[in-house]
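All remarks here apply to the structure that follows.
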Ligand code: PEP
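Numbering (the working numbering), first residue to last: 129 to 375.
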């Protein structure tokens with residue numbers, strides 16, 4: 129890994145203001161933060177407060193609507209996220225693809241909206257267990273990339289890809305280091321095909337049951353530029369353990 133690893137915590141639908149103490153504790157571990165680029169994606173309701181509490185880490189969101197504004201009850205647009213203090217947004221997480229029926233086209237529209245609002249964007253892709261067992265993991269992920277990645281002319285440094293095998297999310301199971309490396313190499317080839325030379329600038333994160341005890345080996349796999357962490361980002365102790373292992 130040439131650059132500093134990028135370690136992003138996804139709090140999902142967890143967290144009330146009581147949890148801001150965890151964000152503060154992560155932010156205060158400034159010395160460790162020098163070795164990695166660290167960010168948290170709390171729920172919408174905590175973005176502004178997290179930004180105020182934590183000055184060193186990045187703060188982002190877990191989703192956005194493709195439109196700038198309008199009659200979309202309950203949705204949040206990319207410019208609103210920016211206004212609340214977010215610097216990036218995660219799009220296409222498998223839980224959103226499954227729970228909200230988000231297609232690649234919807235994910236791409238969201239990613240385009242994020243860049244239009246000058247937010248960084250983390251585009252998530254990953255195969256199900258059935259797709260892996262059928263030998264189709266690389267094909268599925270390749271199609272998701274082709275369909276979900278944004279137009280990024282002049283903004284490629286704002287784009288990150290997260291490879292998250294659906295069957296590894298929240299299950300305690302992970303692919304082998306060899307499988308992670310093979311998939312990340314395949315993603316790199318796709319990025320080069322889609323974006324030409326610029327594709328080399330995009331960081332590819334691994335996500336799925338990353339914890340302090342397995343972070344070092346997963347992050348050492350080929351083309352892994354960091355981690356997207358769910359459950360283990362909910363406490364400063366665990367998340368800092370991953371950051372230390374990664375750097
Ligand atoms: C995630 O949902 O992005 C994730 C990787 O979750 P976990 O780390 O809990 O598997």
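No residue lacks a Cβ here, since even glycine has one placed at the ideal position from N, Cα and C.
From a predicted model like this one, the values you see are computed outputs, not experimental measurements.
- By the neighbour-count definition (other C-beta atoms within 10 Å, threshold 16), residue 311 is a buried residue.
- Proximity of the beta carbon of residue 337 to the ligand PEP is indicated: a heavy atom of the ligand is located closer than 7 Å.
- Contact annotation: residue 249 and residue 269 have beta-carbon atoms that are not nearer than 8 Å.
- Along the length of the stretch 338 to 371, whole alpha helix (DSSP H) runs at least 4 residues long occupy 340 to 347, reported in chain order.
- Looking at the DSSP output, residue 136 bridges to 167, 356.
- Around the beta carbon of residue 179, a 10 Å sphere encloses 16 or more other beta carbons of the protein chains shown; the residue is thus reported as buried.
- Distance from the CA of residue 276 to the CA of residue 234, rounded to the nearest whole angstrom, comes to 8 Å.
- Under the 10 Å beta carbon count, residue 173 is surrounded by fewer than 16 other beta carbons and is classified as exposed.
- With the rule of 3 Cβ pairs closer than 8 Å, the stretch 147 to 157 does not count as touching the stretch 317 to 334.
- Within the model, the alpha-carbon separation for residue 151 versus residue 139 is close to 11 Å.
- Distance from the CA of residue 240 to the CA of residue 254, rounded to the nearest whole angstrom, comes to 20 Å.
- For the pair residue 292 and residue 259, the Cα-to-Cα distance works out to about 13 Å.
- Taking non-hydrogen atoms of the ligand PEP into account, the C-beta of residue 277 is found less than 7 Å away from none of them.
- Between residue 349 and residue 308 a beta carbon distance of about 4 Å is seen, short of the 8 Å cut, so the two are scored as contacting.
- Rounded to whole angstroms, the Cβ separation of residue 209 and residue 154 is 20 Å, and the two are not in contact under 8 Å.
- CA-CA distance, residue 347 to residue 365, rounds to 19 Å.
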